[in-house]
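Residue numbers (the UniProt record's numbering): 1 to 107. To start, the structure itself, in C-alpha cells.
What follows is the structure, encoded as C-alpha cells:
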C-alpha cells in the first residue's frame with residue numbers, strides 16, 4: 001500500500017492559504033466592529049460632539065480631540081479612559097449619552 005504524503009510546496013501553499021483566510025476573517029470582523037462603532041457615534045454622540053456642537057471640546061469626527069494620553073479615550077487602557085466612566089455612570093447628570101437618549105449597553 002502506497003501512502004500519499006504531500007510535498008513540501010503543497011504544505012507551504014496550504015499553510016499560506018489558511019493564514020490568509022484567517023487574516024481575512026479577522027479583517028472582516030474588525031470592519032464590522034468599526035461599522036458598529038460609527039453607527040453608535042452617529043446615533044448617540046454626534047449631536048453633542050460633532051461639527052455643530054463640540055461639548056467638552058470633543059468632535060468625534062476629529063480623532064485627535066478625544067484620543068491620546070490626556071484625551072477621553074486612551075487606546076487599550078479602559079481604566080484610563082474618562083469616556084468609559086461617563087458611559088457606565090449611574091448618575092444621570094454625568095452619564096453619556098445624556099438623557100433623553102438611553103444609556104449604552106454591552107449587548
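For glycine and all other residues, C-beta sits at the position ideal for the given N, C-alpha and C.
- Secondary structure note for residue 83: its alpha helix (DSSP H) is the uninterrupted segment 82 to 88.
- With fewer than 16 neighbouring CB atoms inside 10 Å of its own CB, residue 33 falls in the exposed class.
- Nearest in C-alpha terms to residue 66, of all of 89, 88 and 41, is 41.
- In the DSSP assignment, the residues bridged to residue 54 are 49.
- When the beta-carbon positions are compared, residue 94 and residue 84 stay at least 8 Å from each other.
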